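Mapping to the working numbering: the sequence shown position 7 is 15, numbers consecutive.
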Amino acid sequence: MLKTHVAARFTALAASALALALTASAATPPAPHWVATWATSPVFASNTTGKFDAAAPDGITLRQIVHLSIGGSSFRIQFTNEFGTADLKISAASLATVGAAGALTSTAMPVTFGGHASVTIPAGAMMVSDPVSLKAAPLSDVAVSLFLPSQTIDAMTLHSFADTTSYRVPGNSVTAPALTDPKTFTTWMFLKGIAADAPANAASIVTLGDSITDGALSTRDTNHRWPDVLAARLQANAATRNLGIANEGIGGNRVLHDTTGPNMLARFDRDVIAQPGVKYLVVMEAINDIGHSFDPSKPYDPITADELIVGYKQLIERAHEHGIKVFGATLTPYVGAKYQSPAGEAARQAVNEFIRHGGAFDGVIDFDQVTRDPANPGAFLPAYDSGDHLHPKDAGYKAMGESIDLKLFR
C-alpha cells in the first residue's frame with residue numbers, strides 16, 4: 009500500500025512538473041533572431057563651417073530612406089556617432105514604410121532606447137534601438153525619421169554617397185505623414201544599419217568593398233547597385249529568400265591605407281563581424297590601392313600585389329574564426345581610368361589570379377570576366393562602362409549581380 013501511495017504521489021508530482029514546464033514553454037516566446045536587412049558604412053565628415061544646420065533654434069528632422077532586403081514585422085535600428093567629437097542628442101525617432109517624396113505609407117512607429125524616446129550617443133559610440141513593431145515587405149523602402157534638437161555638431165558621422173534621396177525639415181516632424189517644403193540630401197547621416205527579427209534559418213550576406221560595391225554612378229533612387237540586384241534574386245528564389253544583404257561599400261576605400269573611411273582591415277570588425285546574423289562575406293576591394301600606388305602622374309602609398317594578398321588572407325582568417333564563409337570577387341577592369349597604368353594593370357591581374365586560383369577563398373565570383381571587353385580584356389565592355397572606365401553603369405551592375413551563383417549561399 010505504501011509503495012502504491014508513493015508511486016501515485018511521484019506520478020502526480022511528475023505530471024505537475026510537466027504541466028508547469030509546458031506552461032512556461034508556452035508563455036515564453038522564442039528569442040529574437042536578428043539579421044541585417046540593410047547596412048551602410050559611415051565615414052567622418054567635417055561640419056565646422058556649419059553647412060549642416062544642426063544648431064537651428066527649432067532643431068531639425070531627418071527623414072532618411074533605406075531599401076530593405078528581407079522583410080519582417082520587428083526591426084532594430086543602429087544609430088552611430090562613431091566619428092563625432094561630442095555627444096549626439098536624438099530627442100525622437102520613428103520608423104515607417106514610405107512612398108514618393110518621403111510621404112509615409114504606414115503609421116510612424118516610435119523608436120525607443122531602453123524604453124525612452126530620447127537618447128544621447130557619446131562621441132565614438134553607437135546605439136541600438138529597442139525592437140520596433142512594423143510590417144515591411146522584402147525589398148521595400150522604409151523611412152527612419154529622427155529629430156535632432158539644436159546642438160553643435162562639428163564632426164559628422166555619415167555615408168557620403170547614398171544615391172538615395174532623403175529629406176530634412178526644421179522642427180520635430182518624425183511622425184508627420186508628409187513633410188512640408190523639405191530640403192533633400194543624398195547621404196545617410198548617423199545611421200549604421202537595420203536588423204529584422206527573422207526565422208531561425210535566416211542569415212545575412214555582407215558585401216565589403218569600395219565605390220563599385222557602393223553603386224557609384226548607378227541611377228539615383230533606383231537601387232541598381234550590384235548588391236541590390238543580388239538581393240532581388242535572393243528574394244525570387246525560395247531557397248535563399250531568408251538571406252539579407254548588408255552593403256558595406258565605401259567610395260574611395262582601400263584595403264591597406266585610410267582614405268575615404270578607415271582601411272578595410274581597420275573597419276572589418278565594425279562592418280563584418282558586428283553585423284547581426286552574418287554568415288557570408290563577399291570581398292571586392294583593392295582597385296584604389298592599385299590605382300593610387302601606380303598612378304603615373306601622382307603615385308602615393310605604394311603597395312604590391314603580395315601585400316594586398318596578405319591583407320586578403322587576414323580578412324579570410326578573421327572571418328573564418330567567426331564561422332563566416334568568404335567569397336572573393338575579382339577586380340573589374342580599369343584601363344582608361346584616370347589612374348590606370350601598365351604596372352597597375354599587372355598588379356590587378358596578379359591579385360585576380362590569386363582570387364581565382366589561390367585556394368584561400370571559400371568561393372569565387374568573377375566580376376572581371378563578366379564585365380571585361382573580350383577585344384580589350386583590360387577595359388570594360390562598352391555596354392557596361394559608365395564612361396569613366398572605372399565604374400559600371402546600371403547595365404554593368406545588373407550583369408554583375410546576375411552573374412553570382414546562388415548555390416554559394418547554402
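All C-beta atoms in this analysis are idealised placements derived from N, C-alpha and C, irrespective of residue type, glycine included. All values reported here derive from a predicted model rather than from experimental measurement.
Item                                                                                                           : Value
Backbone secondary structure at T215 - three-state DSSP                                                        : strand
Helix, strand or coil at Q357 [DSSP, three-state]                                                              : helix
Beta strand (DSSP E) runs contained entirely in the segment 58 to 102, provided each spans 3 or more residues  : 68 to 75, 80 to 88 and 96 to 98
Segment contact, 8 Å Cβ cut-off, at least three pairs: the segment 140 to 150 with the segment 91 to 99        : no
Neighbour-count burial assignment, H330, 16 or more Cβ in a 10 Å radius                                        : exposed
Cutoff 8 Å; reference L273; Cβ partners in own chain excluding five residues on either side                    : V263, L264, G319, Q322 and L323
Three-way DSSP call (helix, strand, coil) for D309 in this model                                               : coil
Which of helix, strand or coil DSSP assigns to G260                                                            : coil
One or two residues paired with H124 in a DSSP bridge                                                          : F121
L416 versus L242 - alpha carbon distance                                                                       : 12 Å
Backbone CA spacing between I129 and D381 [nearest angstrom]                                                   : 49 Å
Alpha-carbon spacing of S77 relative to E353, whole angstroms                                                  : 35 Å
Three-way DSSP call (helix, strand, coil) for A387 in this model                                               : strand
Rounded C-alpha distance that separates P157 from G409                                                         : 41 Å
Buried versus exposed, by CB contacts within 10 Å (16 or more), K191                                           : exposed
C-alpha distance - L414 paired with A131, whole-angstrom precision                                             : 40 Å
Of the residues P341, G201 and H328, the one placed nearest F369, counting alpha carbons only                  : H328
W234 versus S99 - alpha carbon distance                                                                        : 36 Å
Range of the contiguous beta strand (DSSP E) that encloses I373                                                : G371 to I373
Short Cβ contact (9 Å threshold) for R364 with A294                                                            : no
Given V291 as reference, the closest of V140, G217 and D277 once Cα atoms are compared                         : G217
Straight-line Cα distance separating D396 from W46                                                             : 28 Å
Contact set for L21: own chain, Cβ-Cβ below 8 Å, skip 5 residues either direction                              : Only weak support is given to the placement of L21: the predicted model assigns it a pLDDT of 42, under 50, and the value that follows is read from those uncertain coordinates. No residues qualify anywhere along the chain.
Limits of the alpha helix (DSSP H) - the one that D149 falls within                                            : From DSSP, D149 is part of no alpha helix (DSSP H) but of the beta strand (DSSP E) over D149 to L156.
Cβ contact check for the segment 198 to 208 and the segment 218 to 229: 3 or more pairs under 8 Å              : no
Alpha helix (DSSP H) runs contained entirely in the segment 222 to 304, provided each spans 4 or more residues : 234 to 244, 272 to 276 and 295 to 301
Limits of the unbroken beta strand (DSSP E) element including A403                                             : Counting along the chain, A403 falls outside any beta strand (DSSP E), though it belongs to the alpha helix (DSSP H) covering D402 to S411.
Span of the beta strand (DSSP E), counted from its first residue to its last, around K191                      : K191 to F193
Alpha-carbon to alpha-carbon, A109 and A184                                                                    : 13 Å
Contacting residues, own chain, Cβ-Cβ under 7 Å from M117 (five flanking each side not counted)                : S102, L103, A104, V140, S141 and L142
Status (buried if at least 16 other CB within 10 Å, exposed otherwise) for T444                                : One cannot answer for residue 444 here, as it falls past the ends of the chain, which runs 9 to 418.
Limits of the unbroken beta strand (DSSP E) element including G107                                             : First-last for G107: undefined, no H or E at that position.
Cα-Cα separation, A2 to N245                                                                                   : A query on residue 2 cannot be resolved here, the shown segment of the chain reaching from 9 to 418 and no further.
The segment 334 to 345 / the segment 375 to 389 touching (three or more Cβ pairs under 8 Å)                    : yes
Cβ shell of T160 (< 8 Å), same chain only, five flanking positions each side left out                          : A62, A63 and A94
Range covered by the beta strand (DSSP E) that runs through S394                                               : Taken as a continuous stretch (DSSP letters only), S394 belongs to no beta strand (DSSP E), as it is neither H nor E.
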